[in-house]
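Step one of this worksheet: look at the structure below.
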Amino acid sequence: GLCLLVLRVFIGVHVFLVSCALPDSVVRRFIVRVMCSVLGLLVRQSDPRLRGAGTRVFIANHVTPFDHNVVSLLTSCNTPALSGAPGFICWSRGFMELGVTGSRAELVDSLKEYSAHQGNPPLLLFPEEAATNGRAGLLRFSSWPFSILDEVQPVALQVRRPLVAVSVADSSWITELLWTFFVPFTVYQVRWMPPVPRRADEQSEDFALRVQELLAMELGVVSTRITAADRTEHMKRLRHTARLPFAPGGHPWGVLAMEPQPELCFWGGSLVPPSLPGGAPEDVRVVAMAQQVKEVLPHVPLEVIRTDLVQTNCVDTTIANLLEGRVPFFPESKEAGDLPAPSTSQAAAASGIQGSVAAPSSKPATKQFAKSPVERHLSLQERKRALYDYARR
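Residues -20 to -1, 1 to 373 in mature numbering (1 follows the signal peptide of the UniProt record, and there is no 0) are what the sequence shown lists, from first letter to last.
What follows is the structure, given as structure tokens:
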């Protein structure tokens, strides 16, 4: 793998220079495609007769940061740069700079003006606005790509490679490029679909939803209502949960803290549709999660549980916050009097349940301050485990 990586980096420089030197033509696309096969980038297509059948806008699902480069090996097309600073990096990656830094309305107007000139290549747009591996579902399509023209042509992309997952969440385009050079090969399958015209009096949102359903059926995946913003927010929560102090490696709390959120799963880049069908309202999902926490901690007021769930959006994180004393509350029943107050120290909490937990060990008692840091850490984990077992009962 490392030998391939070093060798392909040097070959990749030559591929970049050749693609910059030759003008856009069938000969250039053929030469670059052959050189890319040496880099382990294999491109296959189906139904090439449907390719570019007079359509000015291609609509494709987004799998990797190099989808537009792969499609440009098969036909002439341009993809506008939607993010990132313009300059050499943007140009070298094959994006088209429009000089528009304002709203989506300004971008649509610029693209309409671009498409009005018949000499310009077609547009290749990705309405998902974020890359997924495409194995489970499609992100909700944005409506602005369907406001440019009244006819679009869907393009279904599938990518597979051995050993390493495709499009891991939160990975940069440089990381994806290095993995492409590292593995033996990466296969891109491009399927051209018939053009789809807009129906009479059809809104852009409905047009986008219809094309999304067609692409999902072609790929054999689910058409979800999860947006790119939902994906970004979910990844932020995962990063925040991974940094919580009560989730150390090797402890059951760490497993609980790293479980995927119930409304969206992007574990290892894989999108999992929501557990509630049809995009249930937020409050219904919070109420269902609150009942789960209430079953584990019946002495905690339901309103306190709901308030913390809105912040954490995770059942296990809320349980941990309540047991660790991060969320203050007043017990609802007398049974809660047996539990230590949330503001008490860990040592007091452990002493309150010491009689209910059998720990046959030769290590010092939890009330004593152990001399070894390892023993102190193990003692803390035992007290946490005891708290959790007590709450379960």
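The beta carbon of each residue, even a glycine, is placed where N, CA and C say it ideally should be.
These numbers come from a predicted model, not from an experiment.
Requested in this report: Kindly indicate which residue of Val139, Val88, Ala96 has the alpha-carbon position closest to the one of Thr112.
Outcome: Of the residues Val139, Val88, Ala96, the one whose Cα lies closest to the Cα of Thr112 is Val139.
Requested in this report: Compute the beta-carbon to beta-carbon distance between Phe121 and Ala40, rounded to the nearest angstrom, for a pair I have assumed lies under 8 Å.
Outcome: That belief does not hold up - the Cβ atoms of Phe121 and Ala40 are roughly 11 Å apart, past 8 Å.
Requested in this report: With DSSP as the reference, label Val6 as helix, strand or coil.
Outcome: Val6: helix per DSSP, three-state reduction.
Query raised in the report: Between Phe161 and Leu22, is the Cβ-Cβ spacing less than 8 Å?
Result: With respect to the 8 Å criterion, Phe161 and Leu22 are not classified as neighbours on the basis of their beta carbons.
Query - Cα-Cα separation, Ile(-10) to Cys(-18) - result: Answer to the nearest angstrom: the Cα atoms are 12 Å apart.
Query raised in the report: Between Ser52 and Val264, what straight-line distance do the alpha-carbon atoms span, to the nearest angstrom?
Result: Take the alpha-carbon of Ser52 and the one of Val264: they are about 45 Å apart.
Query raised in the report: From which residue to which residue does the beta strand (DSSP E) around Ile39 run?
Result: Segment 37 to 40, the beta strand (DSSP E) holding Ile39.
Query raised in the report: In the region 27 to 108, which residue ranges form an unbroken alpha helix (DSSP H) of at least 4 residues, counting only runs that do not cross its ends?
Result: Fully enclosed alpha helix (DSSP H) runs of 4 or longer: 47 to 52, 68 to 72, 84 to 96.
Query raised in the report: Within 10 angstroms of its Cβ, does Ile69 collect 16 or more other Cβ (buried), or is it exposed?
Result: Exposed: under 16 other Cβ atoms inside 10 Å.
Query - Supposed contact pair Ala136 and Leu195 - C-beta distance, whole angstroms, cut 8 Å - result: Confirmed, Cβ separation roughly 6 Å.
Requested in this report: Kindly give me the distance between the Cβ atoms of Val191 and Pro134, rounded to whole angstroms, as I take these residues to be in contact under 8 Å.
Outcome: Pro134 and Val191 do touch by the CB rule: their CB atoms are close to 6 Å apart, below 8 Å.
Requested in this report: Can you give me the Cβ contacts of Leu(-14) inside the same chain, cut-off strictly under 6 Å, excluding the 5 residues immediately before and after it?
Outcome: Residues of the same chain with a CB within less than 6 Å of the CB of Leu(-14), apart from the 5 flanking positions on each side, do not exist.
Query raised in the report: Can the beta-carbon of Asn301 be found less than 8 Å from the beta-carbon of Val295?
Result: No, these two residues do not count as a Cβ contact at 8 Å.
Report task. Below 8 Å on the Cβ atoms is my guess for Met173 versus Leu54; work out the distance and round it to an integer in Å. Result -> Incorrect: roughly 14 Å between the Cβ atoms, too far for contact.
Requested in this report: Look at Val167 and Arg141 and say whether their C-beta atoms are less than 8 Å apart.
Outcome: It is a contact, given that the beta carbons lie within the stated cut-off.
Query raised in the report: To the nearest angstrom, how far is it from the Cα of Leu91 to the Cα of Val144?
Result: If you draw a straight line from the Cα of Leu91 to the Cα of Val144, it comes to about 36 Å.
Query raised in the report: In the DSSP assignment, what residue or residues form a beta bridge with Pro177?
Result: Its beta-bridge partners are Glu131.
**Report entry** Nearest neighbour of Ser63, chosen from Glu193, Val(-8), Leu(-4), Pro45 [CA to CA]
**Finding:** Answer by Cα proximity: Pro45.
Query raised in the report: According to DSSP, is Ala116 helix, strand or coil?
Result: Correct three-state label for Ala116: coil.
Report task. Determine the closest residue to Val193 out of Val284, Leu119, Arg219, Arg171, with distance taken between C-alpha atoms. Result -> A quick correction: the sequence has Glu, not Val, at residue 193. Taking only the C-alpha atoms, the option nearest Glu193 is Leu119.
Requested in this report: With DSSP as the reference, label Arg24 as helix, strand or coil.
Outcome: If DSSP states are grouped into helix, strand and coil, Arg24 belongs with the strands.
Query raised in the report: Taking Asp4 as the reference, which of Ser17, Asn58, Ala110, Ala209 has the closest Cα?
Result: Sorting Ser17, Asn58, Ala110, Ala209 by C-alpha distance to the C-alpha of Asp4 places Asn58 at the top.
Query raised in the report: By the 10 Å Cβ neighbour count, where 16 or more other Cβ atoms means buried, how is Gly(-20) classified, buried or exposed?
Result: Of the residues assessed, Gly(-20) falls on the exposed side of the cut-off, its CB having fewer than 16 other CB atoms within 10 angstroms.
Query - Range covered by the beta strand (DSSP E) that runs through Arg171 - result: In the DSSP assignment, Arg171 falls within the unbroken beta strand (DSSP E) covering 166 to 172.
Query raised in the report: What is the C-beta distance between Val266 and Val290, in whole angstroms, given that I count them as a contact (C-beta under 8 Å)?
Result: Correct: roughly 6 Å between the Cβ atoms.
Query - Cβ-based burial, Ser72 [other Cβ within 10 Å; buried from 16] - result: If you draw a 10 Å sphere on the C-beta of Ser72, you find fewer than 16 other C-beta atoms in it, and that means exposed.
Requested in this report: Have a look at Met215 and Asp150 and give me their C-alpha separation to the nearest angstrom.
Outcome: So the two alpha carbons sit approximately 8 Å from each other.
**Report entry** Beta-carbon proximity list for Arg286, same chain, < 8 Å, skipping 5 on both sides
**Finding:** Take Arg286, set aside five residues on each side of it, and the residues of its chain with a beta-carbon closer than 8 Å to its own are Val266, Val267, Ala270, in chain order.
Query raised in the report: Alpha carbon to alpha carbon, how far is Phe126 from Leu189?
Result: As the crow flies, the alpha-carbon of Phe126 is around 10 Å from that of Leu189.
**Report entry** Helix, strand or coil at Val202 according to DSSP, with G and I counted as helix
**Finding:** In this structure, Val202 counts as strand in the three-state DSSP scheme.
Requested in this report: Have a look at Ala208 and Ala110 and give me their C-alpha separation to the nearest angstrom.
Outcome: Between Ala208 and Ala110, the C-alpha separation is close to 6 Å.
Report task. Quick one: give me the first and last residue of the alpha helix (DSSP H) that Cys(-18) is part of. Result -> Cys(-18) -> alpha helix (DSSP H) spans -19 to 1.
Query - Alpha-carbon to alpha-carbon, Phe309 and Val284 - result: Taking C-alpha positions only, Val284 is separated from Phe309 by approximately 7 Å.
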